[in-house]
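Asks: Input: one structure, supplied below.
Protein chains: 2
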Amino acid sequence: MHYPTAKDIEFAHKSISKGVHRTPILQSTAINQLAGCEIYFKCENFQKVGAFKMRGALFALQQLTEAEKANGVVTHSSGNHAQAVALAAKELGIKAYIVMPENSPKVKVEAVKNYGGEITFCTSNLEARESEMLKLKAATQAIFIPPYDHFNIVCGQATAAKELIEDCNDLDAILCPVGGGGLLAGTSLSNKYFHNALVYGCEPSGADDAYQSFKSGKLIPQENPKTIADGLRTSLGELNFSIIKKEVEDILCVSEEAIVDAMRLIWERMKIIVEPSAAVPLAAVLTNKPLFQNQKVGIILSGGNVDLVDYFED
Amino acid sequence: MHYPTAKDIEFAHKSISKGVHRTPILQSTAINQLAGCEIYFKCENFQKVGAFKMRGALFALQQLTEAEKANGVVTHSSGNHAQAVALAAKELGIKAYIVMPENSPKVKVEAVKNYGGEITFCTSNLEARESEMLKLKAATQAIFIPPYDHFNIVCGQATAAKELIEDCNDLDAILCPVGGGGLLAGTSLSNKYFHNALVYGCEPSGADDAYQSFKSGKLIPQENPKTIADGLRTSLGELNFSIIKKEVEDILCVSEEAIVDAMRLIWERMKIIVEPSAAVPLAAVLTNKPLFQNQKVGIILSGGNVDLVDYFED
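Sequences listed follow chains A and B, in order. For the first sequence, the working numbering assigns the number 5 to the initial residue and increments by one for each residue that follows. For the second sequence, the working numbering assigns the number 5 to the initial residue and increments by one for each residue that follows.
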């Protein structure tokens with residue numbers, strides 16, 4: 005397969021630099037003490053649309069030809085990718101058709117609408133989502149923008165780790181969550197080209213297809229995922245797996261309890277809001293303290309989109 | 005009365021600079037659009053102990069003589085001042101006696117304990133708190149560190165606005181919450197000496213003693229405060245009132261609904277956690293949009309200590 009090169013990632017970084025935030029890196033003395041290592045948190049929860057997904061979506065849309073842009077783009081997503089495609093399309097003046105499951109959180113539906121995305125609701129399963137998307141694609145000739153298993157998406161997601169490496173140039177390890185694998189594949193490539201830390205993918209035990217695939221050497225799809233980390237329930241993509249199995253040191257699995265504890269720790273100690281998926285790497289560090297003892301550890305906090313209805317309307 | 009001078013505030017800033025964080029200033033495009041002005045948020049929720057209170061407490065403790073330090077310090081507080089005195093005392097190697105109401109949130113009691121504070125519990129009313137504190141003071145000869153109405157505390161709290169002004173030197177207005185008035189007094193003095201914006205104190209309508217005092221020109225104590233903003237239920241201090249009535253442009257009152265809406269907006273759009281008191285200035289801007297139209301507005305986000313038990317244990 006054709007992988008992104010250092011030049012591809014550098015080009016992506018330059019292309020999107022005006023359309024995304026260069027997110028800050030934060031530290032917490034309290035969490036460092038608890039973990040026994042020095043952690044640098046790359047805050048993609050502060051990114052536009054509240055997640056790193058904006059990077060890949062914007063770059064993928066920028067790479068379309070004028071003729072392709074004219075017909076718009078289409079995708080299906082209940083989560084951060086939907087918002088990212090809608091906002092990136094808005095910024096580039098492209099029409100965006102978004103297929104969303106009918107049970108999508110209201111806050112995410114509203115966000116997509118506010119970014120000007122044209123929403124089509126469908127039944128909440130992958131088949132319905134894909135068939136609705138294909139119907140729309142046929143009717144509009146719009147270009148499909150996949151959420152993770154795509155060359156340009158990987159180039160875009162790789163830029164988060166590239167910035168982390170530029171800002172902290174002596175990291176021993178870099179950790180990020182793995183769902184579809186776009187972020188982990190991009191992170192491992194940026195590390196390969198621009199640094200030489202050990203890269204770990206972090207995954208809920210209740211959705212451990214990346215772990216199973218990594219250990220067996222063949223792609224095993226995720227069936228019946230059970231995790232609070234809603235961003236990590238998808239199956240690893242093929243392109244991403246081919247990169248991950250070569251460039252990643254290991255996949256670390258964590259319990260649901262460890263995810264909630266890590267998420268609470270970040271909220272309470274750092275006073276920032278992260279979604280459950282974003283807390284998975286810290287959960288992995290705290291579950292594997294000896295592995296990271298006294299090291300400098302970079303963690304990509306992948307997003308901050310949680311539904312606060314319960315908190316504010318109780 | 006003897007007010008802090010520019011030199012006093014500059015000295016305080018230098019003294020505490022190694023013991024507190026220089027907190028970042030954040031912006032939100034979405035909130036700017038909603039407010040119709042450009043808001044610069046000074047993030048004291050990221051400060052040590054999660055609130056600006058660390059500034060005043062550390063400076064007040066630094067100013068003690070060696071003989072005074074030997075007997076330790078004592079205060080009473082259910083909130084951020086308790087944690088600030090405990091941590092500042094720990095950093096200076098001083099013993100701290102903290103009187104806390106028996107119904108204080110567990111998370112705050114734990115924090116004071118972790119900072120090495122020696123806690124005495126008392127009945128939850130001001131008389132019990134003060135008499136318990138006086139008893140402890142008599143028994144230990146410890147120095148009382150008041151929460152807000154104190155020269156050195158005002159000097160310390162003034163440093164937050166001083167940093168905000170250094171980082172954004174063309175603000176038209178600066179807003180902060182007012183409870184006991186230490187932060188507002190300090191903010192108005194920093195603005196007087198180092199800048200020339202209009203300074204507004206912001207207060208819940210359900211605890212509007214600063215507004216009543218400001219309008220009548222005489223100090224009216226707060227009776228029976230009713231507000232979610234737990235940091236703003238106290239009465240304005242005398243020294244602080246004498247500064248505020250000279251240096252502050254106006255006091256703006258806001259409804260409980262406006263406070264909750266502003267707090268939710270900050271959580272959802274900025275992905276940072278602020279306590280209700282810290283959301284009061286944004287509530288004031290959104291309640292008084294014409295007053296700030298197209299201006300550059302600085303807001304001190306005073307703290308981020310909220311009890312997340314409900315969110316995480318539902």
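All C-beta atoms, glycine included, are put in the ideal place defined by N, C-alpha and C.
1) Between residue 276/A and chain B, is the shortest Cβ-Cβ distance under 7 Å, so that the two count as touching?
2) What's the gap between the Cα of residue 3/A and the Cα of residue 52/A?
3) Between the segment 278-288 of chain A and the segment 303-310 of chain A, are three or more C-beta pairs nearer than 8 Å?
4) CB residue 85/B to CB residue 57/B, shorter than 7 Å?
5) Touching or not, the segment 155-165 of chain A and the segment 62-77 of chain A, by the rule of three or more beta carbon pairs under 8 Å?
6) Helix, strand or coil for residue 208/B per DSSP?
7) Of all the options 191/B, 110/B, 83/B, which has the alpha carbon lying nearest to the alpha carbon of residue 244/B?
8) Kindly say whether residue 138/A, judged by its beta-carbon, lies nearer than 7 Å to any beta-carbon of chain B.
9) Residues of chain B with CB under 9 Å from residue 237/A, in chain order?
10) Tell me residue 134/B's beta-bridge partners as DSSP assigns them.
11) If you count every other CB in all the chains shown that lies within 10 Å of the CB of residue 317/A, and 16 or more means buried, which is it?
12) Roughly how many whole angstroms lie between the Cα atoms of residue 200/A and residue 176/A?
13) Would residue 276/A and residue 275/B be called neighbours here (beta carbons separated by less than 7 Å)?
14) Going by C-alpha distance, which of 195/A, 228/A, 257/A, 184/A is nearest residue 219/A?
15) Take residue 36/A as the anchor and find which of 311/A, 313/A, 106/A, 266/A has the nearest alpha-carbon.
16) So within the segment 244-307 of chain A, which uninterrupted alpha helix (DSSP H) runs reach at least 4 residues, ignoring any that extend past its ends?
17) Near residue 77/B, what residues of its chain come up, given a Cβ to Cβ distance below 8 Å and the 5 sequence neighbours on each side ignored?
18) Could you tell me whether the Cβ of residue 45/B comes closer than 7 Å to any Cβ of chain A?
19) What number of angstroms, rounded off, separates the C-alpha of residue 139/B from the C-alpha of residue 152/B?
20) Residues of chain A with CB under 7 Å from residue 228/B, in chain order?
21) Any heavy atom of the ligand ATP closer than 6 Å to the beta-carbon of residue 36/A?
22) Using a Cβ cut-off of 7 Å, pull out every chain B residue sitting near residue 49/A, in sequence order please.
23) In chain A, what lies closer than 7 Å to residue 268/B by C-beta?
24) Go to residue 35/A, then tell me how far its alpha helix (DSSP H) extends in each direction, as first and last residue.
25) Put residue 47/B into one of helix, strand or coil per three-state DSSP.
26) On the DSSP letters alone, give me the boundaries of the beta strand (DSSP E) that residue 179/B sits inside.
27) For residue 136/A, which residues in the same chain have their Cβ closer than 8 Å to its Cβ, ignoring the five residues on either side in sequence?
28) Determine the burial state of residue 237/A: buried for a count of at least 16 other Cβ atoms within 10 Å of its Cβ, exposed for fewer.
29) Residue 308/A CB to nearest chain B CB: under 7 Å?
30) Classify residue 91/B as buried or exposed, calling it buried when 16 or more other Cβ atoms lie within 10 Å of its own Cβ.
31) Could you compute how far the alpha carbon of residue 10/B sits from the alpha carbon of residue 185/B?
32) Check whether the Cβ atoms of residue 203/A and residue 169/A lie closer than 7 Å to each other.
33) Residue 148/A by DSSP, collapsed to three states: which one?
34) CA-CA distance, residue 163/A and residue 59/A?
35) Closest by CA to residue 95/B, which one among 228/B, 120/B, 54/B, 18/B?
36) How big is the Cα-Cα spacing for residue 264/A and residue 291/A?
Replies: In short:
1) In the first sequence, residue 276/A corresponds to position 272, counting from 1. So yes, residue 276/A belongs to the interface.
2) This structure cannot settle anything about residue 3/A, because the visible part of chain A is limited to 5 through 318.
3) Under the three-pair Cβ rule at 8 Å, the segment 278-288 of chain A counts as touching the segment 303-310 of chain A.
4) Mapped onto the second sequence, residue 85/B falls at position 81. Mapped onto the second sequence, residue 57/B falls at position 53. Result yes, Cβ atoms of residue 85/B and residue 57/B sit closer than 7 Å.
5) Remark: three or more beta-carbon pairs, one from each stretch, lie closer than 8 Å, so the segment 155-165 of chain A and the segment 62-77 of chain A are flagged as touching.
6) To locate residue 208/B, count along the second sequence from 1; it is residue 204. Here residue 208/B sits in strand by DSSP.
7) Along the second sequence, read from residue 1 onward, the residue named residue 244/B stands at position 240. Closest option to residue 244/B, Cα to Cα, is 191/B.
8) Stepping through the first sequence from its first residue, residue 138/A is reached at position 134. So, not an interface residue.
9) If you number the first sequence from 1, residue 237/A lands on position 233. The premise fails here: residue 237/A is roughly 21 Å from chain B at the closest Cβ pair, so nothing lies under 9 Å.
10) The residue you call residue 134/B lines up with position 130 of the second sequence. Answer is none; residue 134/B lacks a bridge partner.
11) The sequence position of residue 317/A within the first sequence is 313, counting from 1. The residue is exposed, with fewer than 16 neighbouring Cβ atoms inside 10 Å.
12) Working through the first sequence from its first residue, we reach residue 200/A at position 196. Working through the first sequence from its first residue, we reach residue 176/A at position 172. When the Cα atoms are used, residue 200/A and residue 176/A turn out to be separated by approximately 8 Å.
13) Residue numbering aside, residue 276/A sits at position 272 when the first sequence is read from its first letter. Residue numbering aside, residue 275/B sits at position 271 when the second sequence is read from its first letter. Yes. Within cutoff.
14) Taking the first residue of the first sequence as position 1, residue 219/A is located at position 215. Ranking 195/A, 228/A, 257/A, 184/A by Cα distance to residue 219/A puts 257/A first.
15) The residue labelled residue 36/A in the question sits at position 32 within the first sequence. When each option's Cα is compared against that of residue 36/A, the closest is 266/A.
16) 260-269, 280-291, 293-296
17) Along the second sequence, one-based indexing puts residue 77/B at 73. Counting only Cβ-Cβ distances below 8 Å, and skipping sequence neighbours, we find 65, 68, 89, 93, 98, 99, 100, 101, 146, 147, 148, 149.
18) Locating residue 45/B in the second sequence gives position 41, where the first residue counts as 1. No, because no Cβ of chain A sits closer than 7 Å to the Cβ of residue 45/B.
19) The residue given as residue 139/B occupies position 135 in the second sequence. The residue given as residue 152/B occupies position 148 in the second sequence. Taking the straight line joining both Cα atoms gives about 21 Å.
20) As a first step, residue 228/B is located in the second sequence; it is residue number 224 there, counting from the start. Near residue 228/B there are no residues of chain A at all, since even the closest Cβ is about 25 Å away, more than 7 Å.
21) By its list of ligands, the structure shown contains no ligand whatsoever, and the ligand ATP lies outside what it can speak to.
22) Here the question's residue 49/A lines up with position 45 in the first sequence. The answer, in chain order, is 275.
23) Taking the first residue of the second sequence as 1, we reach residue 268/B at position 264. The answer, in chain order, is 312, 316.
24) In the first sequence, residue 35/A corresponds to position 31, counting from 1. Its alpha helix (DSSP H) spans residues 33-39.
25) Taking the first residue of the second sequence as position 1, residue 47/B is located at position 43. In this structure, residue 47/B counts as strand in the three-state DSSP scheme.
26) Taking the second sequence and counting its residues from 1, one reaches residue 179/B at position 175. Here the beta strand (DSSP E) through residue 179/B covers 177-181.
27) In the first sequence, counting from the first residue as 1, residue 136/A sits at position 132. 80, 103, 124, 126, listed in sequence order.
28) In the first sequence, the residue the question calls residue 237/A occupies position 233. So residue 237/A counts as buried.
29) Position 304 of the first sequence, counted from the start, is the residue given in the question as residue 308/A. Closer than 7 Å to some Cβ of chain B, the Cβ of residue 308/A qualifies, so yes.
30) The count along the second sequence starts at 1 and reaches residue 91/B at position 87. Residue 91/B should be labelled buried.
31) Within the second sequence, residue 10/B is the residue found at index 6, counting from 1. Within the second sequence, residue 185/B is the residue found at index 181, counting from 1. Straight-line measurement puts the Cα of residue 185/B at about 19 Å from the Cα of residue 10/B.
32) Sequence index remark: in the first sequence, residue 203/A carries index 199 (1-based). Sequence index remark: in the first sequence, residue 169/A carries index 165 (1-based). Cβ distance not < 7 Å, so residue 203/A and residue 169/A don't count as in contact.
33) Position 144 of the first sequence, counted from the first residue, corresponds to residue 148/A. In the structure shown, residue 148/A sits in a strand (DSSP, three-state: E or B).
34) Translated into positions along the first sequence, residue 163/A becomes position 159. Translated into positions along the first sequence, residue 59/A becomes position 55. So the alpha carbons of these two residues sit roughly 7 Å apart.
35) Within the second sequence, residue 95/B is the residue found at index 91, counting from 1. The shortest C-alpha separation from residue 95/B is found at 120/B.
36) Position 260 of the first sequence, counting from 1, holds the residue named residue 264/A. Position 287 of the first sequence, counting from 1, holds the residue named residue 291/A. Computed Cα separation, rounded: 13 Å.
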